[in-house]
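J.: Chain order of the listed sequences is C and A. Start counting the first sequence at 27; every next residue gets the next number (our numbering). Start counting the second sequence at 27; every next residue gets the next number (our numbering).
2 protein chains.
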Amino acid sequence: MIQPGARNSEFLDLDDDSLYHLGLKKTPELLNQLREIFGDVKYVCMGGSPDRAMTFGNKAAEELGISTPEGGVQTIGKTERCNMCQVGPILSISHGMGMPSLSIFLHEVTKLLEYAGCTDVKFIRIGTSGGLGVKGGTVVVTEDAINAKLEPTHTKTMLGQDYTYPTQLDRQLARDLLDARGVEKAVMGNTMGTDDFYEGQGRRDGALKPPYTREDRMAFLHKAHDEAGVRNIEMESTEFAAFCNRAGIPAAIVCAALLNRLEGDQVKATPVELAQYSDNAQTVVINYIRQQLEQQQKVVEA
Amino acid sequence: MIQPGARNSEFLDLDDDSLYHLGLKKTPELLNQLREIFGDVKYVCMGGSPDRAMTFGNKAAEELGISTPEGGVQTIGKTERCNMCQVGPILSISHGMGMPSLSIFLHEVTKLLEYAGCTDVKFIRIGTSGGLGVKGGTVVVTEDAINAKLEPTHTKTMLGQDYTYPTQLDRQLARDLLDARGVEKAVMGNTMGTDDFYEGQGRRDGALKPPYTREDRMAFLHKAHDEAGVRNIEMESTEFAAFCNRAGIPAAIVCAALLNRLEGDQVKATPVELAQYSDNAQTVVINYIRQQLEQQQKVVEA
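(1) List the residues that DSSP assigns as beta-bridge partners of TYR191/C.
(2) So, at 7 Å on beta carbons, what are the nonlocal neighbours of THR53/C in its own chain, with the 5 sequence-adjacent residues on each side left out?
(3) Any idea what DSSP makes of LYS104/C, helix, strand or coil?
(4) Is ASN258/A close to chain C? Criterion is C-beta to C-beta, closer than 8 Å.
(5) Using only CA atoms, which one of ASP196/C, ARG240/C, LEU185/C, ALA245/C lies nearest to ALA219/A?
(6) If the cut is a Cβ gap below 8 Å, which residues of chain C does HIS180/A touch?
(7) Could you work out which residues of chain A lie near THR136/C, taking near to mean beta carbons separated by less than 9 Å?
(8) Let's test the definition: count the other Cβ atoms within 10 Å of the Cβ of PRO76/A and tell me whether it reaches 16, buried, or not, exposed.
(9) Could you name the residues that DSSP lists as bridge partners for GLU260/C?
(10) Check each candidate in ILE152/A, ALA171/A, LYS175/A and name the one with the smallest Cα separation from VAL165/A.
(11) Which first and last residues belong to the alpha helix (DSSP H) in which THR136/C is found?
(12) Mind the definition here: the stretch 258 to 266 of chain C touches the stretch 192 to 202 of chain A only if three or more C-beta pairs lie below 8 Å; say whether that holds.
(13) In terms of alpha-carbon separation, which member of ASP231/C, TYR238/C, CYS111/C, CYS71/C lies closest to HIS133/A?
(14) At the level of alpha carbons, what is the spacing between VAL213/C and VAL167/C?
(15) Do we get a CB-CB distance below 8 Å when we pair TYR99/C with the residues of chain A?
(16) Strictly below 9 Å CB to CB, what residues from chain C border TYR4/A?
(17) Determine which residues of the stretch 161 to 193 of chain A have a Cβ less than 7 Å from any Cβ of chain C, and write them out in chain order.
(18) Please list the partners that LYS294/C has in chain A, where partner means a Cβ-to-Cβ separation under 7 Å.
(19) If we call anything under 8 Å between Cβ atoms a contact, is CYS111/A one with MET80/A?
(20) On the criterion of 16 or more Cβ atoms from any shown chain inside 10 Å, does SER35/C qualify as buried, or is it exposed?
(21) Is it buried or exposed, GLY226/C, if we count other Cβ atoms within 10 angstroms and call 16 or more buried?
(22) VAL167/A by DSSP, collapsed to three states: which one?
(23) Residues of chain A with a CB under 9 Å from the CB of ASP77/C: which are they?
(24) Compare the beta carbon distance of THR190/A and THR181/A with 8 Å and say whether it is the shorter of the two.
(25) Check whether the Cβ of PRO54/C lies closer than 8 Å to any Cβ atom in chain A.
(26) Count the C-beta pairs between the stretch 52 to 67 of chain C and the stretch 105 to 123 of chain C that are closer than 8 Å, then say yes if the count reaches three, no if not.
(27) Which residues in chain A sit within 8 Å of ARG272/C, going by Cβ to Cβ distance?
(28) Along the chain, where does the alpha helix (DSSP H) that runs through LYS85/C open and close?
(29) Given a limit of 7 Å on CB to CB distance, which residues of the stretch 237 to 266 of chain A reach chain C?
(30) I'd like to confirm the pairing. Which residues does DSSP put opposite ILE119/C in its beta bridges?
(31) Is it buried or exposed, PRO126/C, if we count other Cβ atoms within 10 angstroms and call 16 or more buried?
(32) Can you tell me whether VAL311/C is helix, strand or coil according to DSSP?
(33) Looking only at its chain, what residues have a beta carbon closer than 7 Å to the beta carbon of THR145/C, apart from the 5 residues adjacent to it on each side?
(34) For a quick check, are the C-beta atoms of LEU203/A and LYS137/A less than 8 Å apart?
(35) Can you tell me whether ILE150/A is helix, strand or coil according to DSSP?
(36) At which residues does the beta strand (DSSP E) containing LEU50/A begin and terminate?
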């Protein structure tokens, strides 16, 4: 699954691995079991919230006609750090908020599916975000991930040194997702990933007096929109894109905008509206997967 | 609660605030209720895991003789992004993994307690970490937080610009915590905070081939230990210290080491051992709070 040059063979070919945050292990005895459970996974769908990972699993099962145990899909592994469930070719897992938390699950899920012998897997992040020049409820499919300095790169510090990686995503996958949509409003645009929800996104409603003015805030958000093509802001996109690029895994990001950040900082939609917004992003991804499965079915029948 | 120069008065003095990730609101009607519920909080105890936030609440209640509802302490607010509960003067809340996630809860909890009119509040992070030159199970009380480049600073990008803040913690509070301990092994030392669990901490057991060798890894970890006084590595310390410094809130970090990173990368302790390690860090904090409450009682009686 990982492209040969990027695969950490020195470690992955050893007998044992503790996928600590998933609460799963690889041992010579467990390897066949991992292959049986996870071997057919083709779509890893990741989002911040543990609840939403399960909601997505159940919605996908219902809409794709995949049977589930009574009471709905079940979690796999430990639930202290994430919720993970499997529905047919879909692995649905939560990754918490922010790139550091996401990064843990990217590594561990990739190792898990590598051990399970999976092939042709796509990673799709389904999230929530602040919109930029788009209304609350709009679904944004990411073209490129852009960092907090409006560059299409992601920098990681390892052993005291900075390493910078590109953050392009799979264009065809993004177009296919946008085409599949099934929701009222969806657009394609760049997604800015930040390491902070308040000051890192130019909000002025945090606890501390920010070191920038209202005018600085508006000027930067307009620049992000007009010059960098940013249509939404969240806290995961550049890590997600950089990791998948390195691994050679086709990847896409589909986020609901909860508000238009050009108009304010506070999330004011009602819980019912917010649930609908989240559902919009999930719908786009499920419609895409349905189309893919139908196409494969046609190929098999032909 | 926030020192006057750092307080975001322009926003905090408005009537309404949606503490989005806590699922709580401030309105003129709700303000008295917030004061009644949270006004007496003196210790904010934060940790990564939602389960552990509740375990800590129940343990604190039991050990400090504070009554709880049948079935144990109850969550307050929405549980999609964190678990929060209150036990006497303690607010126990989870902050997820990594600085970006932590930062959200630092802002929202600080706003909440500011609205509630709290005074003399201390923030204590209770976490897990990789030890450096210390055995699994050791509790490390942080002297200073150190970033991934071994500097005692934390840099945040806001509107495309970098801002760097100091990361010293409250020395007296750290000493008091260490004195209070009640566990077999506790040490004081610097804590390195990174934005990544795998490559950001020099691990060699991630999915991708790391751009550094085994020798690079050992050289850096030894340098961190010998020259920078690092005794453990986690993913929150510098954001936590920088925020509390800016706000003027006395703060401390108490983490259990799950393994000695000079000896390996994988967490190999059993679930029972890991629970004990976590419990060690909680015990130190509860013993400290007990001593503080007893001292106050003596002052009242005198």
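Built from N, CA and C at the ideal position, the CB exists for glycine as well.
T.: Here's the rundown:
(1) Within the first sequence, the letter at position 165 stands for residue 191/C. DSSP, once it has assigned bridges, lists HIS180/C as partnering TYR191/C.
(2) On the first sequence, residue 53/C is found 27 positions in, with the first residue counted as 1. Hits under 7 Å: ASP41, ASP42.
(3) Here residue 104/C is taken as the residue at index 78 of the first sequence, counted from 1. LYS104/C: coil per DSSP, three-state reduction.
(4) Looking up residue 258/A in the second sequence gives position 232. For ASN258/A, the answer is no, since every Cβ of chain C falls outside 8 Å of its Cβ.
(5) Working through the second sequence from its first residue, we reach residue 219/A at position 193. The amino acid at residue 219/A is misidentified as Ala; the sequence shows Gly. Comparing Cα-Cα distances from GLY219/A to each of ASP196/C, ARG240/C, LEU185/C, ALA245/C, the minimum goes to LEU185/C.
(6) Locating residue 180/A in the second sequence gives position 154, counting from the first residue. Residues of chain C passing the Cβ test: none, with the nearest at roughly 11 Å.
(7) If you number the first sequence from 1, residue 136/C lands on position 110. Simply GLY232, ALA233, LEU234.
(8) As a first step, residue 76/A is located in the second sequence; it is residue number 50 there, counting from the start. With 16 or more Cβ atoms within 10 Å of its Cβ, PRO76/A is classed as buried.
(9) Taking the first sequence and counting its residues from 1, one reaches residue 260/C at position 234. Paired residue(s): GLY219/C.
(10) One-based indexing of the second sequence puts residue 165/A at position 139. Among ILE152/A, ALA171/A, LYS175/A, the Cα nearest to that of VAL165/A belongs to ILE152/A.
(11) As a working note, residue 136/C is residue 110 in the first sequence. It spans 125 to 141 - the alpha helix (DSSP H) in which THR136/C sits, taken as one unbroken run.
(12) no
(13) Against the second sequence, residue 133/A aligns to sequence position 107. Here the closest residue by C-alpha is ASP231/C.
(14) Looking up residue 213/C in the first sequence gives position 187. Looking up residue 167/C in the first sequence gives position 141. When rounded, the distance between both Cα atoms is 6 Å.
(15) Counting from 1 along the first sequence, the entry for residue 99/C is found at position 73. Here residue 99/C turns out to be Val, not Tyr, going by the sequence shown. Closer than 8 Å: no.
(16) With chain A running from 27 to 328 in the structure shown, residue 4/A is simply not present.
(17) ALA174, LYS175, LEU176, LYS182, THR183, MET184, LEU185, GLY186, TYR189
(18) As a position in the first sequence, residue 294/C is number 268, starting the count at 1. Result: SER44.
(19) Counting from one through the second sequence, the residue named residue 111/A turns up at place 85. Counting from one through the second sequence, the residue named residue 80/A turns up at place 54. Taking 8 Å as the Cβ cut-off, CYS111/A and MET80/A qualify as a contacting pair.
(20) Taking the first residue of the first sequence as position 1, residue 35/C is located at position 9. With fewer than 16 other Cβ atoms within 10 Å, it is exposed.
(21) Working through the first sequence from its first residue, we reach residue 226/C at position 200. Its Cβ being crowded by 16 or more others within 10 Å, GLY226/C is buried.
(22) In the second sequence, residue 167/A corresponds to position 141, counting from 1. Strand at VAL167/A.
(23) Here residue 77/C corresponds to residue number 51 of the first sequence, with the count starting at 1. By Cβ distance, chain A contributes THR105, GLU106.
(24) One-based indexing of the second sequence puts residue 190/A at position 164. One-based indexing of the second sequence puts residue 181/A at position 155. Against a cut-off of 8 Å, the Cβ pair of THR181/A and THR190/A comes out as a contact.
(25) Sequence index remark: in the first sequence, residue 54/C carries index 28 (1-based). It does not: the Cβ of PRO54/C has no partner Cβ on chain A nearer than 8 Å.
(26) yes
(27) Taking the first residue of the first sequence as 1, we reach residue 272/C at position 246. Correct list: LEU234.
(28) For the purposes of this step, residue 85/C is identified with residue 59 of the first sequence, where counting begins at 1. Counting along the chain, the alpha helix (DSSP H) containing LYS85/C begins and ends at 76 to 90.
(29) PRO237, TYR238, ASP242, ARG243, PHE246, MET261
(30) The residue you call residue 119/C lines up with position 93 of the first sequence. Answer by DSSP bridge pairing, in chain order: MET72/C, MET110/C.
(31) Counted from its first residue, the first sequence places residue 126/C at position 100. That one is buried.
(32) Locating residue 311/C in the first sequence gives position 285, counting from the first residue. It is helical.
(33) Here residue 145/C refers to the residue found at position 119 of the first sequence. Closer than 7 Å at the Cβ level, and outside the excluded window around THR145/C, lie MET27.
(34) In the second sequence, the residue the question calls residue 203/A occupies position 177. In the second sequence, the residue the question calls residue 137/A occupies position 111. No; because the gap between Cβ atoms is not below 8 Å, this pair is not in contact.
(35) In the second sequence, counting from the first residue as 1, residue 150/A sits at position 124. If DSSP states are grouped into helix, strand and coil, ILE150/A belongs with the strands.
(36) Stepping through the second sequence from its first residue, residue 50/A is reached at position 24. Unbroken beta strand (DSSP E) run through LEU50/A: 50 to 52.
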